[in-house]
Amino acid sequence: APAYFTHNHEEFTNKMCWISNTYYLPDKTIAGQPGALKSHIGHYQWVPIVLLLQAFLFYLPCLLWRVFSDRSGINVNNLVEAAETIQNALYPERRDKTIKYMIRHMDHYLDYQREYRGGCCVALKHLLAKYMCLVCGNRYGNYLVALYMATKVLYFTNVIGQLFMLNGFLGTEYHLYGFDIIRDLVSDSDWTASRRFPRVTLCDFEIRQMGNLHRHTVQCVLPINLFNEK
29 APAYFTHNHE EFTNKMCWIS NTYYLPDKTI AGQPGALKSH IGHYQWVPIV LLLQAFLFYL
89 PCLLWRVFSD RSGINVNNLV EAAETIQNAL YPERRDKTIK YMIRHMDHYL DYQREYRGGC
149 CVALKHLLAK YMCLVCGNRY GNYLVALYMA TKVLYFTNVI GQLFMLNGFL GTEYHLYGFD
209 IIRDLVSDSD WTASRRFPRV TLCDFEIRQM GNLHRHTVQC VLPINLFNEK
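In this text, residue positions in the sequence shown follow the working numbering: the first is 29, and each later residue adds one.
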């Protein structure tokens, strides 16, 4: 802030530049120079919220798997734990007991799938399931497979979608950020002076004094971008 700014002016400047979008200019570019290309930075205020949203989106497929897999009639986690118990069992009695538990569990699941073979609707469903693989459900034995594949598709879609979301949120070609860093390292350039996560930006604002508007341009230090860049 200028030397003639009072303490109240400094507080006003800090708050104004935090809530308004700042912009970045290369070191050799003079502020206000005609033709100067400004790179506006407006994401640093929202980074914590976006990170929370991303974390929830990454957890969402796992949450859906847990919710819908419980409706399949078979507890996958219990079967996996039972299989590990059989593998690590030291006594034959415990191994046999665990195997019988798994058999009962699977038999109960298969009993749940059985249905009457009569009726035109049932025959049509079996025909579609056999040749088109469009019918999914517990009674067809493909519920967990379909749910597993849908979960994997959600994971893949989530990763690709979040790359585009970050690109739109940052307002830059974020998907090329890694290539730009490698290029700067190879060419011996200062890769820390990033226009996507600048440490020092500029902020324009106006102060009304005695009925007149005074325009000011100040430098803003954004230490939070040290963490945002990582």
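In this text, a Cβ means the ideal position worked out from N, Cα and C, and glycines have one as well.
- One thing to note: I69 has its Cβ no nearer than 9 angstroms to the Cβ of L254.
- Three or more Cβ pairs closer than 8 angstroms define a contact, and the stretch 182–193 meets that threshold against the stretch 81–89.
- Put simply, the stretch 88–106 touches the stretch 170–187. At least three CB pairs are less than 8 angstroms apart.
- Between W46 and T179, the C-beta gap is not smaller than 9 angstroms, which leaves the two residues out of contact.
- Taking C-beta atoms under 8 angstroms as the contact rule, H133 and L107 qualify, at a distance of about 6 angstroms.
- For Y52, no alpha helix (DSSP H) run applies; the uninterrupted beta strand (DSSP E) run containing it begins and ends at T50 to Y52, by DSSP.
- CA-CA distance, L175 to R123, rounds to 30 angstroms.
- Counting along the chain, Q237 sits inside the beta strand (DSSP E) bounded by residues V228 to Q237.
- The closest CA to that of I77, considering only L194, R243, T41 and N105, is found on L194.
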